[in-house]
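Student: Dropping the structure in here first, questions after.
Chains as they are written, first to last, in my numbering: chain A, 3 to 81; chain B, 3 to 81.
Okay, here's the thing in structure tokens:
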């Protein structure tokens, strides 16, 4: 089973990397670009055959390693 | 209009960061985790009102700045 975990910064948390990309796009001549925020995506192969179990495992992985839940949100998608 | 661009490594390109996460998960006691690959996600606010135009703009942004198309794939999603 494959899953995708997306980790994004919570609203209100400063994102200097996103800001740099925003400025980079503007200086490349891309107009009309508003806020840019960067996040991370993890594609994970799991041996779980049960989607509910996989979701619970992934949630624990996010809490323990993949995301800093103080400043980041995570979303789990079973593919 | 909001869009999400997901940039992932092409198949076959080594991903040491993903490998490190894989090992980290294993040492935290998560069994049954296969390959982990890490990618990037960009949430971009656009002033475009036309989805086709937005998609073309985002594609150009990926080619020029957001992705290294030699080793990375990108996917555009209009939200």
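Just so it is clear, CB atoms sit at the ideal spot from N, CA and C, and this is done for glycine as well.
Using alpha carbons as the reference points, say which of B/25, B/54, B/36 and B/48 lies closest to residue 96 of chain A.
Tutor: Absent from the model: residue 96 of chain A. The displayed extent of chain A is 3 to 81, so no value can be given.
Student: May I ask you to list, following chain order, the residues of the segment 58-75 of chain B that have a beta carbon less than 8 Å from some beta carbon of chain A?
Tutor: 59, 62, 63, 66, 67 and 68
Student: For the candidate residues B/6, B/75, B/45 and B/28, whose alpha-carbon lies nearest to that of residue 67 of chain A?
Tutor: The residue given as residue 67 of chain A occupies position 65 in the first chain. Here the closest residue by C-alpha is B/28.
Student: List the DSSP bridge partners of residue 52 of chain A.
Tutor: For this step, residue 52 of chain A is matched to residue 50 along the first chain. None, per the DSSP bridge assignment.
Student: DSSP beta-bridge partners for residue 11 of chain B?
Tutor: Translated into the one-based positions of the second chain, residue 11 of chain B becomes position 9. Looking at the DSSP assignment, residue 11 of chain B forms a beta bridge with B/74.
Student: So is residue 90 of chain A in contact with chain B if we call contact Cβ pairs under 8 Å?
Tutor: Residue numbering for chain A in the displayed model covers 3 to 81; residue 90 of chain A lies beyond these limits and cannot be assessed.
Student: For residue 74 of chain B and residue 9 of chain B, which I take to be in contact (beta-carbon distance under 8 Å), what is that distance rounded to the nearest angstrom?
Tutor: Here residue 74 of chain B is taken as the residue at index 72 of the second chain, counted from 1. Here residue 9 of chain B is taken as the residue at index 7 of the second chain, counted from 1. Indeed, because the Cβ distance is near 5 Å, the residues count as touching under 8 Å.
Student: For the putative contact between residue 45 of chain A and residue 4 of chain A, defined by C-beta atoms under 8 Å, what is the C-beta separation to the nearest angstrom?
Tutor: Position 43 of the first chain, counting from 1, holds the residue named residue 45 of chain A. Position 2 of the first chain, counting from 1, holds the residue named residue 4 of chain A. With 8 Å as the limit, residue 45 of chain A and residue 4 of chain A qualify as a contact, their Cβ atoms being about 7 Å apart.
Student: What residues in the segment 33-58 of chain B bring their beta carbon closer than 7 Å to a beta carbon of chain A?
Tutor: 34, 35, 36, 37, 38, 39, 40, 41, 42, 43, 44, 45, 46, 47, 48, 49 and 50
Student: Roughly how many angstroms lie between the CA atoms of residue 1 of chain B and residue 52 of chain B, to the nearest whole one?
Tutor: Any answer about residue 1 of chain B is impossible in this case: the structure gives chain B only from 3 up to 81.
Student: Could you check where the alpha helix (DSSP H) with residue 34 of chain B kicks off and where it finishes?
Tutor: Counted from its first residue, the second chain places residue 34 of chain B at position 32. First-last for residue 34 of chain B: undefined, no H or E at that position.
Student: Give the straight-line distance between the Cα atoms of residue 6 of chain A and residue 70 of chain A, rounded to the nearest whole angstrom.
Tutor: In the first chain, residue 6 of chain A corresponds to position 4, counting from 1. In the first chain, residue 70 of chain A corresponds to position 68, counting from 1. If I take the Cα positions, the gap works out to 17 Å.
Student: Any C-beta of chain B sitting closer than 8 Å to the C-beta of residue 27 of chain A?
Tutor: The residue you call residue 27 of chain A lines up with position 25 of the first chain. Yes, because at least one Cβ of chain B sits closer than 8 Å to the Cβ of residue 27 of chain A.
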